[in-house]
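In the numbering used here, the protein residues as written are 28 to 1022.
We put the beta carbon where it would ideally sit given N, CA and C, even for glycine.
Here the structure is a predicted model, which is why all the values come from computation and not from measurement.
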Amino acid sequence: MAVDRPAFRVLGPLEVGPPGRPLRIAGTKSRILLASLLLDANRAVAADHLAEILWPLSRPRSALANLRTYVSSLRAVLGATGGARILARPSGYLFEVPAGQLDVLLFEDLVAGARAAARAGGDAEIRGDAASGTEGGPEAAGRAEDPAGLLDRALALWRGAPLADLPGSPLWDARLESLAGLRLSASEELTVLRMERGRHAEAVAGLRGLLREHPFREDLWGRLMLALDAAGRQAEALDAYAAARRQLVTELGVEPGAGLRRVHADILAGRPAAEAAPPPPVTVPRQLPPDIPDFTGRTGTVSALTRALSRERRPPDGPPAVAVVAGPPGAGKTALAVHCAHAVRRAYPGGQLYLDLGGTAPTPADPGELLAEALRALGTGGAGLPPTTRERSALYRSLLAGRPALVVLDDAADAAQVRPLLPGSGCAVVVTSRRRITELPGALQIDLDALTPAEAEELLGRIAGADRVRREREAAAEILRACDHLPLAVRIAGARLAARPGWPLAVLRRRLADEANRLGELRAGDLEVRGSFDRSYRTLPGDAARAFGALGLLGTRPLPGWVVGAVLGRDRADDVTDALVDANLLRLAGTDALGRPRYLLPGLARCSARELAGGPGGPGGAGGTDALARVLDGWTVLAGSAMARLPTTLFSLAPAGEPRWRPDGETAASLPADPLPWFDAERETLAEAVRLAADAGLAGAAWGLAAALVPYFDLRCHFDEWRSTHRAALEAARRSGDRGGEAAMLRGLAQVGLYQDRYAEAGEMFARSRVIFRELGDARGEAVSICGLGAVDHFRGRHVEALGHFRMALAIFAALEDRGGEAYVRQAVGRVCLVLRDLGRASAWLGGALRLAREIGDPHREACVSMQLGRLHDLAADAEEAMRFQGYALDIFEELGDRHCGAYALQNLGGLQVTRGDRSHASAQLQRSLEIFQQLGDRSGEAAAVQRLGELHRSAGRTGLARDYLHHARALRQELRGGAGGGIRSAACAPPPVR
28 MAVDRPAFRV LGPLEVGPPG RPLRIAGTKS RILLASLLLD ANRAVAADHL AEILWPLSRP
88 RSALANLRTY VSSLRAVLGA TGGARILARP SGYLFEVPAG QLDVLLFEDL VAGARAAARA
148 GGDAEIRGDA ASGTEGGPEA AGRAEDPAGL LDRALALWRG APLADLPGSP LWDARLESLA
208 GLRLSASEEL TVLRMERGRH AEAVAGLRGL LREHPFREDL WGRLMLALDA AGRQAEALDA
268 YAAARRQLVT ELGVEPGAGL RRVHADILAG RPAAEAAPPP PVTVPRQLPP DIPDFTGRTG
328 TVSALTRALS RERRPPDGPP AVAVVAGPPG AGKTALAVHC AHAVRRAYPG GQLYLDLGGT
388 APTPADPGEL LAEALRALGT GGAGLPPTTR ERSALYRSLL AGRPALVVLD DAADAAQVRP
448 LLPGSGCAVV VTSRRRITEL PGALQIDLDA LTPAEAEELL GRIAGADRVR REREAAAEIL
508 RACDHLPLAV RIAGARLAAR PGWPLAVLRR RLADEANRLG ELRAGDLEVR GSFDRSYRTL
568 PGDAARAFGA LGLLGTRPLP GWVVGAVLGR DRADDVTDAL VDANLLRLAG TDALGRPRYL
628 LPGLARCSAR ELAGGPGGPG GAGGTDALAR VLDGWTVLAG SAMARLPTTL FSLAPAGEPR
688 WRPDGETAAS LPADPLPWFD AERETLAEAV RLAADAGLAG AAWGLAAALV PYFDLRCHFD
748 EWRSTHRAAL EAARRSGDRG GEAAMLRGLA QVGLYQDRYA EAGEMFARSR VIFRELGDAR
808 GEAVSICGLG AVDHFRGRHV EALGHFRMAL AIFAALEDRG GEAYVRQAVG RVCLVLRDLG
868 RASAWLGGAL RLAREIGDPH REACVSMQLG RLHDLAADAE EAMRFQGYAL DIFEELGDRH
928 CGAYALQNLG GLQVTRGDRS HASAQLQRSL EIFQQLGDRS GEAAAVQRLG ELHRSAGRTG
988 LARDYLHHAR ALRQELRGGA GGGIRSAACA PPPVR
């Protein structure tokens, strides 16, 4: 037989040059590049394709420049070896080489020549360029050879697994798999030719080699038995059957098939080998959809899934490897499954099956019909199909038991649909589903979510153009956020941009900014996000579908589980919540301050839910308003319960009447004794709930919840949220004609204005609220507003007018027997007297306030009055009593957790210590108060603390430091006088708050 010695060899480790004296090609990247060019020899290979192979995880910006460097190096090393050369093409590079100088091309030509000779029934000539690689040299061109000789030469070119010395690439898989298949079919054809020509010993040797690589191929065992029998070696033929049966039973747990048993029976019966037909060849399905050429990211997930599907760490007789990929609509579940299936498919010579289970279709596919589809792909159809699902499943497992196969079950509805489709030992299964299917024993569970922002940007760049995305990175980021970083939505956005190369990215950004039209914009050809969510919605049970639509009306914040019960009007709805989470429409988003789960409806799911809520049968209209009202009732009940546990709730206002819905007792009882952490955690959600209520026209719910938040906003100095919630609720109250709500919100807004030194605005709003409360006959509300007017007068230096307002309010509170209101007014009058330096009257009023506070058990009011008594003793030059009262107040505030009022007590103590000459302790107290004021945003308190620190440093002779502090204090006061709105006064602690 002629010996072929091509200069370029990839059918084994990569080699170049004469056998035994190969050229040294340094560097793995250079060798991978050469291998890639050789696999596609004499065809142009795109530069982007080569870069993807060289840098599969993260392509550097200099990739194309690096590629040119590697090509240049290869040209220098290869020279004119084998008459080959690397040519540049507009899109990439072409490796030009004579077929006889590359083992892959020579192998394919020799096999083609053998098949042509076999068809012609005799000898054939192979091309001259193939023959030129033989030992005979160019003069051998045109020499005739028989088909068996040509196949012998072709198979002799194989030195092992192709490119065994290099890291693999998924982009090589199709080519290498094609070569492996051609080698196997060439080996089988050579065996047939040898047996036909009586060369049984050679046939036996070739078949034993094939069986070492494919030990479960029963057709090969049958041919081996026939070849041995034909060679007169019946005992060895029967021993071969025993070996085949032993291997099948031991490793796969199945008996030989009917064809192999028939060959065995014929040999036992002594029938001539020629009369015994070998088993028919096994049909090998290759059904995987094409891999995704621009598959992006998911590195860790890809690694975990391919590792689970790998056969390297699993015993051949072990149970099938099963992985379930679950995720929301558009997360790329199928793309991931197909991508990973392509990465491992060479490990499954028994074939690859792909079945669409239609789990999100109106009627999911029947397992029996799916089994029929699979059995036909495996070569069993027509009359061979068993009638029942159980029998088809058993046959399916039997057919796959002897052949390692990979099965992709796409879009499964549930575990019941999947179970009949699980194959037997040695196989692997990837299931994709929008539901979490956790009932399959031993299955790897992969929860697929959105891409990372970097991965999403890379995918958008691959589709729309990386340079284009880099130029408008901010617009690209907003587009990706609108897409929730979901691969389907990102692909559609990229396709739309690619179809409109003249568009700035800002055009699509603006279109996607409108949530009402976002799903309509995310459509390109047959790809659309809306349909993907609609299919999931159709699979939901009734209550879950209603809840999903209603949740879309509740804003963007994560929500506690009780909200699902509220939208349905039920005490508990854990079953509905679980259904939505299992369907990957509702996402678990951590736990709240009560240790309860929080749930989030992601952006695109929320857009879908809002559309569905307004559609036929959805919870929109009156039903949606009722659901929102129940949720707001729940928030108001919880906020009210938490508010009652705050240090002070004086002058809080609430709508009359009982809520229509309350959270279950367990939820309400779980509120902590210290409600501040709960309020801190829920602050943004509660503020958004007020705005949602106002937008929905639920004025009572809007202003009731806004009013319930006032004591917390006051304590934490959250004046922006206070103002925004009250403004929204005020507009809603006015639109609906809710005069009580209008008055309450005016009073609250006036209080914020008072705290921020906007006295004219505050006075006007207090006056308007007073008028409305009087018209409604709400004496308490009127008294509260009058107190506000007194505070405005006090801050403006109109002390006589302030005293008049306070006395008027005191008369109303006394008539109502509101002792808390009375204690507040007595403190306020005492403060005015202190400013007027009327210490006797101040002592009487403050003493009365202190007695009332203690009688009604209001420690916060007691502490506030104690601070004023400390001020009284300071003015009376009784430093010890002044220190005692201020320290007593500080202790109460710290015990109650009121850092804001506590900061004023610290400031007062620091001032007293400065007077006594205790600069060290004074500095510490003032510094602590300054830090608290800065943290809370109280600019008035900050200015006062900085002023006192400056005076302290000046008295200590630290002139430079004093100058800096005093300059800063002056700047803060100028900013406050300039109307910057940063001034904050704690009503009970600094000049009086109206709480």
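- Every beta strand (DSSP E) of 3 residues or more that sits fully in the stretch 375-400 is shown, in chain order, as 379-383.
- The Cβ atoms of L988 and H980 lie closer than 8 Å to each other.
- Collapsing the DSSP output to three states places D136 in a helix.
- In the three-state reduction of the DSSP assignment, I919 falls in the helix class, which pools H, G and I.
- In the three-state reduction of the DSSP assignment, R625 falls in the strand class, which pools E and B.
- Comparing alpha-carbon positions, the option among L896, G944, H366 and C891 lying closest to A869 turns out to be L896.
- When beta bridges are read from the DSSP output, S460 appears opposite A353.
- Taken through DSSP and simplified to helix, strand or coil, A726 comes out as helix.
- Ranking L275, V556 and R545 by CA distance to the CA of S425 puts L275 first.
- In its chain, beyond the 5 residues on either side, G39 have a beta carbon closer than 6 Å to the beta carbon of G187.
- Per DSSP, the beta bridge partners of F35 are V43 and L129.
- Per DSSP, the unbroken beta strand (DSSP E) holding E123 starts and ends at G119 to E123.
- Apart from the 5 residues on each side of it in sequence, R102 sits with its Cβ closer than 7 Å to the Cβ of I113 in its chain, given in chain order.
- DSSP links D476 through a beta bridge to no other residue.
- With a beta-carbon spacing of about 6 Å, R419 and L402 fall inside the 8 Å limit used to define contacts.
- Counting the other CB atoms within 10 Å of its CB gives Q472 a total below 16, which places it among the exposed residues.
- If only uninterrupted alpha helix (DSSP H) runs of at least 4 residues are considered, those enclosed by the stretch 48-117 are 55-66, 74-81 and 90-105.
- For V856, the three-state secondary structure derived from DSSP is helix.
- When DSSP assignments are scanned along the stretch 493-574, the uninterrupted stretches of alpha helix (DSSP H) that are 4 or more residues long and fall wholly within it turn out to be 493-498, 500-509, 514-526, 532-540, 545-548 and 556-565.
- Comparing alpha-carbon positions, the option among R250, R463, A388 and A551 lying closest to T566 turns out to be A388.
- Secondary structure at A358: coil, using DSSP grouped into helix, strand and coil.
- E882 and R846 have their C-alpha atoms spaced approximately 9 Å apart.
- Ranked by Cα distance from L121, the options V72, T108, P83 and S796 are led by V72.
- By the C-beta criterion, the stretch 603-617 is judged to be in contact with the stretch 561-576, since at least 3 inter-stretch pairs fall below 8 Å.
- Scanning its chain for C-beta atoms nearer than 6 Å, with the 5 sequence neighbours on each side dropped, one finds around V664 the residues P686 and R689, in chain order.
- Only exposed fits G208, as fewer than 16 other CB atoms lie within 10 angstroms of its CB.
- With 16 or more other CB atoms across the displayed protein chains lying within 10 angstroms of its CB, T459 is buried.
- N935 sits buried, since 16 or more C-beta atoms from the chains shown fall within 10 Å of its C-beta.
- For D437, the secondary structure class from DSSP, reduced to helix, strand or coil, is strand.
- By the criterion of a C-beta distance shorter than 6 Å, R853 is surrounded in its chain by W872, G875 and A876, once the five residues flanking it on both sides are discounted.
- Looking at the DSSP output, T618 sits in a beta bridge with P624.
- Around the C-beta of A972, 16 or more other C-beta atoms lie within 10 Å, and the residue is accordingly described as buried.
- Cβ-Cβ separation between G521 and L487: approximately 5 Å, consistent with a contact (criterion under 8 Å).
- DSSP places P587 within a strand segment (E or B) once states are collapsed to three.
- Annotation: C454 is outside any alpha helix (DSSP H) and is labelled neither H nor E by DSSP.
- Taken in chain order, the unbroken stretches of alpha helix (DSSP H) that lie wholly in the stretch 767-821 and span 4 residues or more are 786-803.
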